[in-house]
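Here the structure comes first, spelled out in structure tokens, and everything after it is commentary.
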Amino acid sequence: MLRLYDSRLSGNSWKIRILLSQLGLAYERITLDLQKGETREPSFLQISRFARVPVLVLDGRPIVESGAILLHLAEGTPYLPDDLYLRAEVMGWLFFEQADLQKAIAIPRVLHLRGLAHAKKQDIERLHAEGYPGLEKLDHWLLSHTWLVGESYTIADLALSAYVALAGQGGYDMARFAGIRDWLVRVQEQRGWVRLIPEDGPAADA
Ligand SMILES: N[C@@H](CCC(=O)N[C@@H](CS)C(=O)NCC(=O)O)C(=O)O
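The opening residue of the sequence shown carries number 0 in numbering that gives the first Met the number 0; numbering runs sequentially from there.
Have a look at this one:
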């Protein structure tokens, strides 16, 4: 039995829901309220040593970090190549996303969603200055490649696309990135892909 701890707007948790859907795996979903501090509850800290979602609990054992969960679930499926070089390439993109993009996109987005964009303007500008170079590198790659690794969609595309699709919500000007724009369409056309918030329209995901 699989159990996913997530939160409604978390892009990292969204990655896991997409892959679970694409693999056709049933799971129990427990959605925490981050604004109420539910990730810091003692009962959750037993499961999540870093006090963050997502956490996937597999036969009673928790896996933390979205990249680790994706790698575990994708093992033996078309979403993670067998070839060792291509696997290293997948991991390279996963690490790049965490180091160069994830916080630089997620924090401005949270500040915008919580109505703090004006008060935290300087923080947002600093994070944008960190995030744009990563987006430019990603776009540069995508202008000459259909997928991030090899010739097909992998968890690298899935993992990178989540926060990149949400960057506009954090005030990033995404109109300048044609390679990213076309790739996001290809990613979202993959079988089993799910919206961040199923009940909302496309604008909530983009
Ligand atoms: N590197 C982690 C980042 C996870 C993360 O930042 N999770 C956020 C939500 S997207 C969280 O749980 N924050 C704790 C909180 O706001 O209380 C991953 O990829 O899973």
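A virtual CB, placed ideally from N, CA and C, is assigned to each residue, including glycine.
Since we're looking at a predicted model, the values are computed, not measured.
Buried or exposed, going by whether 16 or more other CB atoms sit within 10 Å of the CB of residue i?
| i | result |
| --- | --- |
| PRO107 | buried |
| ALA202 | Note that ALA202 has pLDDT 42, beneath the 50 cutoff, so the model's placement of it is unreliable and no number is given. |
| PRO80 | buried |
| GLN207 | Shown here, the chain extends from 0 to 205; a query on residue 207 therefore has no answer. |
| ALA118 | exposed |
| ALA206 | With the chain covering 0 to 205 only, the question about residue 206 has no answer from this structure. |
| SER143 | exposed |
May I have the straight-line CA-CA distance separating residue i from residue j, to the nearest angstrom?
| i | j | result |
| --- | --- | --- |
| ILE104 | LYS14 | 15 Å |
| ALA205 | GLN101 | Only weak support exists for where ALA205 lies, its pLDDT of 37 falling under 50; the value from the coordinates is given anyway. Straight-line Cα distance between these residues: approximately 16 Å. |
| ILE196 | TYR171 | 21 Å |
| ALA98 | VAL184 | 24 Å |
| ALA174 | HIS139 | 14 Å |
| LEU110 | ARG125 | 13 Å |
| ASP122 | ALA128 | 10 Å |
| THR153 | ARG190 | 12 Å |
| TYR76 | LEU83 | Tyr is not the amino acid found at residue 76; the sequence shown has Thr there. Near 14 Å, if we compare the C-alpha coordinates of LEU83 and THR76. |
| TYR162 | TYR26 | 23 Å |
Beta-carbon within less than 8 Å of residue i's beta-carbon, same chain only, minus the 5 sequence neighbours each way: which residues are those?
| i | result |
| --- | --- |
| TRP192 | ILE17, SER20, GLN21 and VAL186 |
| LEU31 | TYR4, ASP5, SER6, GLU37, THR38, PHE43 and VAL52 |
| ASP181 | LEU141 |
| PHE94 | GLY66 |
Which residues in the same chain as residue i place their Cβ atom closer than 6 Å to its Cβ, once the five residues preceding and following it in sequence are excluded?
| i | result |
| --- | --- |
| LEU165 | GLY10 and ARG108 |
| PRO208 | It is not possible to answer for residue 208, since the shown part of the chain is limited to 0 through 205. |
Start and end of the beta strand (DSSP E) containing residue i?
| i | result |
| --- | --- |
| VAL63 | 60-63 |
| LEU57 | 54-57 |
| ILE29 | 27-31 |
| ASP5 | 1-6 |
List the whole-angstrom C-beta distance separating residue i from residue j, where the pair is believed to meet the contact cut-off of C-beta under 8 Å.
| i | j | result |
| --- | --- | --- |
| LEU85 | ILE68 | 20 Å between Cβ atoms; not a contact. |
What residue does the alpha helix (DSSP H) around residue i start on, and which one ends it?
| i | result |
| --- | --- |
| ILE46 | Careful: ILE46 lies outside any alpha helix (DSSP H) and carries neither H nor E. |
| SER151 | Taken as a continuous stretch (DSSP letters only), SER151 belongs to no alpha helix (DSSP H), as it is neither H nor E. |
| VAL186 | 177-187 |
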